[in-house]
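Student:
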Amino acid sequence: MKFKSLLASAAMALGLASGAMAEDKTKVGFVYVGPVGDGGWTYEHNKGRLAVEEHFGDKVETVFVESVPEGPDAERVMTQMALEGADLIFTTSFGYMDPTINVAQKFPDVKFEHATGYKTADNVSVYSARFYEGRAVQGHIAGKMTESNIIGYIGSYPIPEVIRGINSAYIHAKKVNPDVEFKIIWAYTWFDPAKEADAASVLIEQGADVILQHTDSTAPQAAAQEAGNVITFGQASDMSEYAPMPRVSSIIDNWAPYYIARTQAVMDGSWATANTWDGIGPGMVEIGEISDAVPADIKEEALAMTAALADGSYHPFTGPLKKQDGSDWLADGETADDGTLAGMNFYVEGLEGEIPQ
Amino acid sequence: MDLGEINPVLLVASLMVAATPLLLAAIGELVVEKAGVLNLGVEGMMIVGAISGFATSVETGSPWLGFLAAAVGGAVLSLLFVLLTQVALANQVASGLALTLFGLGFSALLGQGYVGVKPPSMGEIHIPVISDIPVIGPILFQHDPILYVGIALTAAVWAVLKYTRAGLVLRAVGENHDAAHALGYKVIKIRIMAIMFGGACAGLGGAYISLIRVPQWTEGMTAGVGWIALALVVFASWKPWRALLGAYLFGGITVLQLNLQAAGVAIPVEYLAMSPYIITILVLVILSADKSSAPASLGRIFHASH
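Taken in order, these protein sequences are the chains called A and B.
If you're matching positions, the first sequence starts at 3 in my numbering and goes up one per residue.
If you're matching positions, the second sequence starts at 953 in my numbering and goes up one per residue.
#1: Is there a Cβ of chain A sitting closer than 8 Å to that of G1216 of chain B, yes or no?
#2: Starting from L332 of chain A, trace the beta strand (DSSP E) in both directions and tell me its first and last residue.
#3: Can you check whether the C-beta of E207 of chain A is within less than 8 Å of a C-beta belonging to chain B?
#4: Going by DSSP, what residues sit across from A117 of chain A in a beta bridge?
#5: Starting from I253 of chain A and walking both ways along the beta strand (DSSP E), at which residues does that stretch end?
#6: Does the ligand NAP have a heavy atom nearer than 7 Å to the CB of Y260 of chain A?
#7: Strictly by DSSP, which residues pair up with K325 of chain A?
#8: Quick one: give me the first and last residue of the beta strand (DSSP E) that W279 of chain A is part of.
#9: Would the beta-carbon of E68 of chain A fall within 8 Å of that of S95 of chain A?
#10: Buried or exposed: E1222 of chain B, going by 16 or more other Cβ atoms within 10 Å of its Cβ?
#11: Quick one: is M23 of chain A buried, meaning 16 or more other Cβ sit within 10 Å of its Cβ, or exposed?
#12: According to DSSP, simplified to helix, strand and coil, what is G157 of chain A?
#13: Please look up how many angstroms separate the CB atoms of V70 of chain A and Y34 of chain A, rounded, as I've assumed it's under 8 Å.
#14: Does the Cβ of D40 of chain A have 16 or more other Cβ atoms within 10 Å, making it buried, or fewer, making it exposed?
#15: Can you check whether the CB of M998 of chain B is closer than 8 Å to the CB of G1178 of chain B?
#16: Please report whether the beta-carbon of M1074 of chain B lies at a distance below 8 Å from any beta-carbon of chain A.
#17: Using 8 Å as the limit for Cβ to Cβ distance, is I233 of chain A near chain B?
#18: Output yes if chain A places a C-beta closer than 8 Å to the C-beta of V964 of chain B; else output no.
#19: Within its chain, find whatever has a CB closer than 7 Å to the CB of A977 of chain B; leave out the 5 residues flanking it on each side and keep chain order.
#20: Could you name the residues that DSSP lists as bridge partners for L214 of chain A?
#21: Taking the alpha helix (DSSP H) that L90 of chain A falls in, what are its first and last residues?
#22: Whose C-beta lies closer than 7 Å to the C-beta of F1149 of chain B among residues of the same chain, with five residues either side of it excluded?
#23: Output needed for A19 of chain A: all residues of its chain with C-beta closer than 7 Å, excluding positions within five of it in sequence on either side, in chain order.
#24: Exposed or buried, which one is T1116 of chain B when buried takes at least 16 other CB atoms within 10 Å?
#25: Answer with yes or no whether the minimum CB distance from T1008 of chain B to chain A is below 8 Å.
#26: Within 10 angstroms of its Cβ, does G145 of chain A collect 16 or more other Cβ (buried), or is it exposed?
#27: Please return the same chain residues whose Cβ sits closer than 6 Å to the Cβ of G1203 of chain B, not counting the five positions on each side in sequence.
#28: In chain order, what residues of the stretch 1169–1193 of chain B put their CB closer than 7 Å to some CB of chain A?
#29: Decide if L1234 of chain B is buried, meaning its Cβ has at least 16 other Cβ atoms within 10 Å, or exposed.
#30: Could you please give the first and the last residue of the uninterrupted alpha helix (DSSP H) stretch that includes T44 of chain A?
#31: Just the Cα atoms here: how many angstroms apart are L1212 of chain B and S1245 of chain B?
#32: Keeping to the same chain, check which residues put their C-beta closer than 7 Å to that of I1091 of chain B; ignore five residues upstream and five downstream.
#33: Pull up the distance between the alpha-carbon of A306 of chain A and that of W279 of chain A, whole angstroms please.
#34: Answer with yes or no whether the minimum CB distance from V204 of chain A to chain B is below 8 Å.
#35: According to DSSP, is K27 of chain A helix, strand or coil?
#36: Ignoring anything shorter than 4 residues or poking outside the stretch 135–204 of chain A, list the alpha helix (DSSP H) runs there in chain order.
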């Protein structure tokens, strides 16, 4: 009896203490699609979370749940976070779109931020990065460096974000190497090292000497390293443990400034629904160091392109461009508008195969 | 679409790699079931083997020690099953399911610090001269050592079950444990050894995924291979060479469907993705049309007083 009451009072004291502490702290929640140690997508989001903690110190408390499947389970996790008093919740994968909207309706006082989606509400903002700008640089290096003229591409899901990346890489590889051919495998997962490794091996066996990936693990890098003469690019994170070969460069997502700004907005009460889509210029997309495996002249061209993308003087989707079926898309000098890009569901001319429906 | 881009030699070589984890797990489970025990915990033992092997080889830098640790890890986990079913006489189906659930969770806990770490490489055996023979060389003589262990194990299990006294006793225990007991054989002891052998094989299979095929550690990375191994044992009518055939068939079609996708074959991806399961089941069902049946005491609890 004594022991029980002791436990109860201890629990109460703990509860009170944490309750009192939580009052003046802004609580920020993060929902991750993979483990924080994936070395790619989720790893970078988690770095953003840690930056928020470092920036605000005691004024903020962050929580995260990793490896949350895209589906009903995500709704449960978000609901739990909101019930536990989160003021701001970042849901960091495309597949969380509808769950985020659903949960946001139930908690009008909690602010939600959904990554890479397009549905907004009074308390739901969306944010994404223009990864396709980085893909343009990758495509350029890939087109210049391939000797077999076959470039393998591991796609995750056939959603606009991924298709944009394929198109952008293809356009720029083709521009410098008219004979280039893309082989695309859809893995239907964001994070499954076994599947990604198998896909990379198959692409290499079929002659690809460049592997581009739109999945989150480093398994394709390991497969390329094993094969030897194959180059890869870090995806979402630098993946520099595979540099200088096979990883010759990378696209890095830098979420920290955005996460800090949005947390600040919640603290100030100035948070409003927004649709943020930033690229290399504002620093949301970074190009990882181009390794010595890339010849100096190609590296220079890639850096020049990065600079042009950053200052806005060059757009990766600049006409003349045709769609895969041969119909006209962009006239000479015309650039793609954000609406078309956000909903992109077609290949550009020259790519083979169909987009799975 | 250009099927000519698929290199049949490389295809066969990589299907053997894809099939090996499945083969190792299936051979282990085959011995367990031949002894009259149904252990549904293969998936759990595989994943525990995957992380014990991975962690050990990262810490020691030796893939060989890793595989040893994987076999030990799988066998140790199977002791839990032994405790439940052979000592406490619990239901085997429920215990096996529990073992899988426990293994998945426990491995995730063990693996916390190993996500994204690179394991040391095992390398391939390159036997001079014969590994350079065209076609046969890359298919047969340019693999990692564990792949050969898998094939050797299949042959060994087949020979032991068919030709040795120990194999006969094991089968007797699986067919009729009361009769075997009456003849003076230690039913429980034999079953415990069979279960541990199955656990060790499953552990090796798991470590093959985390150390060679991927090579990386992630939660739940065996992704159902253990369940496929279980099904394979049944469809292979408890015959080792058929299990090998089934594993290669499954591995082969898994690799082939990725090849077809990369070659741009206009078959929807969903059909390609389900094809390994369908074709493996079909072929093995047709094969199992002969009279071979399950060990008669499979899944039944034995107690000397019965």
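Idealized CB from N, CA, C, for every residue including glycine.
All values derive from a computational prediction rather than experimental measurement.
Tutor: Quick answer:
#1: Taking the first residue of the second sequence as position 1, residue 1216 of chain B is located at position 264. Yes, contact with chain A.
#2: The residue you call residue 332 of chain A lines up with position 330 of the first sequence. Counting along the chain, the beta strand (DSSP E) containing L332 of chain A begins and ends at 330–332.
#3: Residue mapping note: residue 207 of chain A aligns to position 205 of the first sequence, counting from 1. Yes, contact with chain B.
#4: Residue 117 of chain A sits at position 115 when you count from the first residue of the first sequence. A:Y129.
#5: The residue given as residue 253 of chain A occupies position 251 in the first sequence. I253 of chain A -> beta strand (DSSP E) spans 249–255.
#6: Although the ligand NAP was asked about, the structure shown includes no ligands whatsoever.
#7: Translated into the one-based positions of the first sequence, residue 325 of chain A becomes position 323. BP columns for K325 of chain A point to A:V350.
#8: On the first sequence, position 277 is the one that residue 279 of chain A refers to. Counted as a single uninterrupted DSSP element, the beta strand (DSSP E) harbouring W279 of chain A occupies residues 277–280.
#9: By 1-based counting over the first sequence, the position of residue 68 of chain A is 66. By 1-based counting over the first sequence, the position of residue 95 of chain A is 93. Cβ distance not < 8 Å, so E68 of chain A and S95 of chain A don't count as in contact.
#10: Here the question's residue 1222 of chain B lines up with position 270 in the second sequence. A residue is called buried when at least 16 other Cβ atoms come within 10 angstroms of its Cβ; E1222 of chain B does not meet this threshold and is exposed.
#11: Position 21 of the first sequence holds residue 23 of chain A. Low per-residue confidence applies at M23 of chain A: pLDDT is 47, beneath 50, and the placement is therefore not dependable, though the value from the model is reported in the following sentence. With a threshold of 16 other beta carbon atoms within 10 Å, M23 of chain A falls short and is exposed.
#12: Position 155 of the first sequence, counting from 1, holds the residue named residue 157 of chain A. In the three-state reduction of the DSSP assignment, G157 of chain A falls in the strand class.
#13: Taking the first sequence and counting its residues from 1, one reaches residue 70 of chain A at position 68. Taking the first sequence and counting its residues from 1, one reaches residue 34 of chain A at position 32. Contact between V70 of chain A and Y34 of chain A holds: their C-beta atoms lie close to 6 Å from each other, under 8 Å.
#14: The count along the first sequence starts at 1 and reaches residue 40 of chain A at position 38. Buried: at least 16 other Cβ atoms inside 10 Å.
#15: Here residue 1178 of chain B corresponds to residue number 226 of the second sequence, with the count starting at 1. Here residue 998 of chain B corresponds to residue number 46 of the second sequence, with the count starting at 1. With contacts defined as CB atoms closer than 8 Å, G1178 of chain B and M998 of chain B qualify as a contacting pair.
#16: Locating residue 1074 of chain B in the second sequence gives position 122, where the first residue counts as 1. Answer no: the Cβ-Cβ gap between M1074 of chain B and chain A never drops below 8 Å.
#17: Position 231 of the first sequence, counted from the start, is the residue given in the question as residue 233 of chain A. No - not a single Cβ of chain B is within 8 Å of the one on I233 of chain A.
#18: Within the second sequence, the letter at position 12 stands for residue 964 of chain B. Cβ-Cβ to chain A under 8 Å: no for V964 of chain B.
#19: Numbered from its first residue, the second sequence carries residue 977 of chain B at position 25. Contacts found: V994, M998, C1153, A1154, G1157, V1177, G1178, A1181.
#20: Numbered from 1 along the first sequence, position 212 holds the residue referred to as residue 214 of chain A. DSSP lists A:Y155 as partners of L214 of chain A.
#21: On the first sequence, residue 90 of chain A is found 88 positions in, with the first residue counted as 1. In this chain, L90 of chain A is not harboured by any alpha helix (DSSP H); it is covered by the beta strand (DSSP E) spanning 90–93.
#22: The sequence position of residue 1149 of chain B within the second sequence is 197, counting from 1. Shown here for F1149 of chain B: same chain residues with a beta carbon closer than 7 Å to its own, the five before and five after excluded, namely G980, V983 in chain order.
#23: By one-based count along the first sequence, residue 19 of chain A stands at place 17. The pLDDT assigned to A19 of chain A is 45, lower than 50, so where the model puts this residue is not dependable; a value taken from the coordinates is nonetheless given after this. Within the same chain, no residue comes within 7 Å of A19 of chain A by CB-CB distance, once the 5 residues on both sides are set aside.
#24: Reading the second sequence from its first residue, position 164 is the one you call residue 1116 of chain B. Exposed, by the Cβ-count rule.
#25: Within the second sequence, residue 1008 of chain B is the residue found at index 56, counting from 1. Not one beta carbon of chain A lies nearer than 8 Å to the beta carbon of T1008 of chain B.
#26: Residue mapping note: residue 145 of chain A aligns to position 143 of the first sequence, counting from 1. That one is buried.
#27: On the second sequence, residue 1203 of chain B is found 251 positions in, with the first residue counted as 1. Taking G1203 of chain B as the centre and dropping the five residues before and after it, the same chain places the C-beta of L967, A970, A971 closer than 6 Å to its C-beta, in chain order.
#28: Within the stretch 1169–1193 of chain B, the qualifying residues are T1170, E1171, M1173, A1175.
#29: The count along the second sequence starts at 1 and reaches residue 1234 of chain B at position 282. Burial call: exposed.
#30: Translated into the one-based positions of the first sequence, residue 44 of chain A becomes position 42. Counting along the chain, the alpha helix (DSSP H) containing T44 of chain A begins and ends at 43–58.
#31: Sequence index remark: in the second sequence, residue 1212 of chain B carries index 260 (1-based). Sequence index remark: in the second sequence, residue 1245 of chain B carries index 293 (1-based). Looking at the two C-alpha atoms, the distance is approximately 36 Å.
#32: If you number the second sequence from 1, residue 1091 of chain B lands on position 139. Here the set comprises V961, V964, A965.
#33: Looking up residue 306 of chain A in the first sequence gives position 304. Looking up residue 279 of chain A in the first sequence gives position 277. Taking the straight line joining both Cα atoms gives about 22 Å.
#34: Taking the first residue of the first sequence as position 1, residue 204 of chain A is located at position 202. Chain B, which has a Cβ nearer than 8 Å to the Cβ of V204 of chain A, makes this yes.
#35: Reading the first sequence from its first residue, position 25 is the one you call residue 27 of chain A. Assignment of K27 of chain A by DSSP, reduced to helix, strand and coil, places it in the coil class.
#36: You should have 162–178.
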